[in-house]
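Trainee:
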Amino acid sequence: MDLIEFLTSERGLDTLRAVIIVLMGLLVAKLTSAITRRVSEKYLEPQQTALLGRFIFYGIIILAATSALHQLGFSLTVILGAAGILSVAIGFASQTSASNLISGLFLIGEKPFKIGDFIRVGETVGEVLAIDLLSVKLRTFDNLYVRVPNETLIKSEIINLTHFPIRRFELKVGVAYKENLKKVREVLLNVADEYPLCLTEPKPNVLFLGFGDSSLDLQFNVWSTRENFLELRNNIPEMVKNAFDEADIEIPFPHRSLYTGSVTEPFPIRLVGDENKNADD
Amino acid sequence: MTETEQQQDALLAMADADAATKTRPWWGDYPMDPEQRGMSWHIGPLRLQARWWPQEWRLAWHYGDDPLDTSVEHAGLDDIEAFPDMTLARYALGKAPSCLRLVPRVADRSVVVRPDIPLYVPPGEETVIHVSTSVWVQVQAVEGEKVVALGEMPGYRPSDSFFGANTREGDVCYASRSLARLRMEDVVQRPHRVLTPVTVRNKGEDSLLIERINVPLPILTLYASANHQLWTQPLTLERGRDGKEGALKLEEMRLPASMQVRVLSEPREVPDKQGLFRALDRLLG
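Note that the protein sequences, when read in sequence, are chains A and B.
Residue numbers for the first sequence follow UniProt numbering, so the first one is 1 and each next one is one higher.
Residue numbers for the second sequence follow UniProt numbering, so the first one is 1 and each next one is one higher.
1) With distance defined between alpha-carbon atoms, name the residue in Gly109/A, Gly73/A, Ile236/A, Pro112/A nearest to leucine 13/A.
2) Going along the chain, which unbroken runs of the alpha helix (DSSP H) with 4 or more residues stay wholly within the UniProt domain "Mechanosensitive ion channel MscS" (97-163) of chain A?
3) CB valine 146/A to CB leucine 153/A, shorter than 9 Å?
4) At a CB-CB cut-off below 9 Å, which residues of chain B make contact with leucine 197/A?
5) Assuming arginine 226/A and arginine 167/A are in contact, meaning their beta carbons sit under 8 Å apart, how far apart are those beta carbons, in whole angstroms?
6) Let me confirm a value: serine 159/B is counted as buried when at least 16 other C-beta atoms fall within 10 Å, else exposed. Which label applies?
7) So with Cβ pairs under 9 Å, would you call aspartate 171/B a contact of chain A?
8) Taking Cβ-Cβ distances shorter than 7 Å, what residues in chain B pair up with residue 287/A?
9) Would the stretch 240-251 of chain A and the stretch 175-188 of chain A be scored as touching if the rule is three or more Cβ pairs under 8 Å?
10) Would you mind giving the Cβ-Cβ distance between proline 67/B and tyrosine 156/B, rounded to the nearest angstrom? I have them listed as a contact below 8 Å.
11) Could you check whether the Cβ of residue 290/B sits closer than 9 Å to any Cβ belonging to chain A?
12) If you follow the alpha helix (DSSP H) that serine 94/A is in, where does it begin and where does it stop?
13) Where do the N-terminal and C-terminal ends of the beta strand (DSSP E) with proline 237/A fall, by residue?
14) Nearest by alpha-carbon distance to proline 234/B: which of Glu269/B, Glu211/B, Pro197/B, Val215/B is it?
15) Please report the Cβ distance between valine 103/B and tryptophan 27/B, rounded to the nearest whole angstrom; I am assuming they are in contact, meaning their Cβ atoms lie under 8 Å.
16) Report the neighbours of alanine 175/B on chain A: residues whose CB is nearer than 7 Å to its CB, in chain order.
17) Report the residues of the stretch 200-230 of chain A with a CB closer than 8 Å to any CB of chain B, ordered along the chain.
18) In or out: isoleucine 129/B buried (at least 16 other Cβ within 10 Å) or exposed?
19) Closest Cβ-Cβ distance between arginine 212/B and chain A: below 9 Å?
20) How do the stretch 39-58 of chain B and the stretch 79-97 of chain B stand: do at least 3 beta-carbon pairs fall below 8 Å, yes or no?
21) Let me confirm a value: tyrosine 58/A is counted as buried when at least 16 other C-beta atoms fall within 10 Å, else exposed. Which label applies?
22) Which runs of the alpha helix (DSSP H), 4 residues or longer, sit entirely within the stretch 144-177 of chain B?
23) Taking CB distances under 9 Å as the criterion, tell me whether aspartate 117/A reaches chain B.
24) Check the C-beta distance from valine 137/B over to leucine 77/B and give it rounded, since I have them as a contact under 8 Å.
25) Leaving out five residues before and five after asparagine 221/A in sequence, what residues of the same chain have Cβ atoms less than 7 Å from its Cβ?
26) Quick check: is the beta carbon of aspartate 193/A nearer than 9 Å to any beta carbon in chain B?
27) If you compare alpha carbons, which of Val215/B, Leu100/B, Leu230/B is closest to alanine 237/B?
28) Ordered along the chain, which non-local residues of its own chain (more than five positions away) have a Cβ less than 6 Å from that of serine 71/B?
29) Expressed to the nearest angstrom, what Euclidean distance is found between the alpha-carbon atoms of proline 218/B and valine 136/A?
30) Are the CB atoms of isoleucine 158/A and phenylalanine 113/A within a distance shorter than 9 Å?
31) Looking only at its chain, what residues have a beta carbon closer than 7 Å to the beta carbon of serine 40/A, apart from the 5 residues adjacent to it on each side?
32) Is it a yes or a no for the stretch 17-31 of chain A touching the stretch 88-95 of chain A, going by three-plus beta-carbon pairs under 8 Å?
33) To the nearest angstrom, how far is the alpha carbon of valine 200/B from that of valine 194/B?
34) Could you pull the DSSP bridge partners for alanine 224/B from this structure?
35) So the beta strand (DSSP E) phenylalanine 211/A belongs to, where does it begin and stop?
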């Protein structure tokens, strides 16, 4: 009885109108945001599409909520004034969030990476799953979910591993001092030539790094597409080792000469071969 | 008729004369006997095996050591012979088809051809460069009207390469070294290679250096001549008077009266209108 009275009263009708406005606002917000996303995905990056959709959705919701409050008899001036004071209070209380929010806007504008790229931030390497206003979500190679605050991203160095279509793999290798460098170069370039995943252009090359402690140090540079990079990185060292073995090129390891000094006795030496020979006799 | 066209006719006529001496081409239909379990092919360096297991086809392929091998052989097969570096693939199929079909196709990416020695085309000159690239072999299972494409593999896997003004922008493609033969009589015919005649016309005021040519194979139709040589549509690259802008034209394969040329496979991609008119540096390096 009370409910019917309430609904038929002036106050009740206003409340009903306010509820209808909120519901309609929700519906319109959802529809408009979905349509905007669908239309804009042809022209914008995925993260920009998502952001635009969210802005439109929350914009309409705020409008609908304000209209509903107005319908209920709240004065907008008072609400806005209260919101002003509240926003100052919230602003002080949430400096970090605000900083992340601004950083997020800069990140979306600057576009150093996009969804699906692999990036390195500090020690973390992973695939970008989402670029949101407060943080960027990554999936690492060992399938962990990492949330990096936008403020951290803006401050730190980001390496985008998949920005360009091709990548260079650098293999540092040392050969013994006795080896002919021209032959070594030929063997290395031949490895690149025979491996289809190694790009013909840009050309592979061999850089001489210097005279090392126990080896001539070289750097073998080969290019691959970003999709094949991991496979190439795994296979090239093995192929170089096999090619060196086949061409009888030595990969040396650090040599140590033991010297006991002039005042000490020489090391005792036992000839194993002679011992066996004597045993046979 | 220009000198270029005369050259093309000469080659086509030469090919026609050889036709009678050749056996069947490696492509086409290979009927399966009910007792037969599989087949094998040698197509140049490609060694391909297909074996029927209950409910599935198994394809296995690997490459011989000699990329210039020209042998073509076909034989029955009882079991797949294992090789250490072979690729094996299975295709589920409810019923054993009555026939296997080999279809030659053009490469699935553009091929960048680099002449062994840089070639200059002086101003006002035009020349035809014969570019040879590897064929792709598609294996199809055919049962009446029903055709199921099983697998596709290159006749010889070319190296990957990158064609672009810098390392930031460009296209991933295949690389091929070429002698860039100008006389058709010098072109060596190989069963697993596709020839593309590229006419380069220099209307600029200085010599045009051809260090590399980007051949957009996926937009080309594949033909076979009567002597079982594979061809694509001829291409024409024209350098304009300003020396920068260039046009790429696709031409119809001309059919001299004495020559039979038939279409074997349609282009993989439909070229957009802009694709046929590109900046010259996108085609010539």
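By construction, the Cβ of each residue, glycine as well, lies at the ideal position given by its N, Cα and C atoms.
Keep in mind it's a predicted model, so treat the numbers as computed, not measured.
Mentor: Looking at the atomic coordinates:
1) With respect to the C-alpha of leucine 13/A, the residue from Gly109/A, Gly73/A, Ile236/A, Pro112/A having the closest C-alpha is Gly73/A.
2) When DSSP assignments are scanned along the UniProt domain "Mechanosensitive ion channel MscS" (97-163) of chain A, the uninterrupted stretches of alpha helix (DSSP H) that are 4 or more residues long and fall wholly within it turn out to be 150-155.
3) no
4) The answer, in chain order, is Ser159, Asp160.
5) 5 Å
6) Label assigned to serine 159/B: buried.
7) yes
8) In the structure as shown, chain A starts at 1 and stops at 281, and residue 287/A therefore has no counterpart that could be examined.
9) yes
10) Your pair proline 67/B and tyrosine 156/B checks out as a contact, with CB atoms roughly 5 Å apart and the cut at 8 Å.
11) No answer is possible for residue 290/B: the residues shown for chain B start at 1 and end at 285.
12) Looking at the DSSP string, serine 94/A is not in any alpha helix (DSSP H), and its letter there is neither H nor E.
13) Taken as a continuous stretch (DSSP letters only), proline 237/A belongs to no beta strand (DSSP E), being part of the alpha helix (DSSP H) at 229-246.
14) Checking every option, the nearest Cα to that of proline 234/B belongs to Pro197/B.
15) 6 Å
16) Thr200, Glu201
17) Thr200, Glu201, Pro202, Trp223, Ser224, Thr225, Asn228
18) buried
19) yes
20) yes
21) exposed
22) none
23) no
24) Between leucine 77/B and valine 137/B the Cβ distance is about 16 Å, and since that is not below 8 Å, they are no contact.
25) Excluding five sequence positions before and after asparagine 221/A, the CB atoms of its chain that fall closer than 7 Å to its own CB belong to Arg168, Glu170, Pro204, Asn205, Leu207, given in chain order.
26) yes
27) For the record, residue 237/B in the displayed sequence is leucine; it is not alanine. Comparing Cα positions, the closest option is Val215/B.
28) His42
29) 39 Å
30) Less than 9 Å divides the Cβ of phenylalanine 113/A from the Cβ of isoleucine 158/A.
31) Thr49, Leu52
32) no
33) Valine 200/B and valine 194/B: Cα-Cα distance of roughly 19 Å.
34) For alanine 224/B, which the question treats as bridged, DSSP gives the partners Leu230/B, Arg262/B.
35) 205-211
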